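One structure is given here, and the rest of the page talks about it.
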Amino acid sequence: MIGNLKNKDAYKLMQITISNYTTGCNSLECAEKSVKQFKEGKINE
Numbered sequence: 029m030i031g032n033l034k035n036k037d038a039y040k041l042m043q044i045t046i047s048n049y050t051t052g053c054n055s056l057e058c059a060e061k062s063v064k065q066f067k068e069g070k071i072n073e
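Numbering-wise, our numbering puts 44 at position 16 of the sequence shown, and it's gapless, one number per residue.
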């Protein structure tokens, strides 16, 4: 699922992951929700 992301996208996804972790949202469900929002273009930075 993540294999076809560009470097910039991977960086943004990493930032989202760190953000989720620091807010205590580090479950797989939260991560999948973030990825879904990211792919739909709802998360820009």
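Glycine included, every Cβ here is placed at the ideal spot set by N, Cα and C.
Quick caveat: nothing in here was measured; it's all calculated off a predicted structure.
**Asked** Mind checking whether alanine 44 and phenylalanine 66 have CB atoms under 8 Å apart?
**Response** Note that residue 44 is isoleucine in the sequence shown here, rather than alanine. Yes; because the gap between Cβ atoms is below 8 Å, this pair is in contact.
**Asked** So what does DSSP say about cysteine 58, is it helix, strand or coil?
**Response** helix
**Asked** aspartate 37 to serine 62, Cα distance in whole Å?
**Response** 13 Å
**Message:** Going by DSSP in three states, lysine 64 sits in which element: helix, strand or coil?
**Reply:** In this structure, DSSP gives lysine 64 a helical state, which the three-state scheme calls helix.
**Item:** For lysine 64 and glutamate 57, the rounded distance between their alpha carbons
**Value:** Between glutamate 57 and lysine 64, the C-alpha separation is close to 11 Å.
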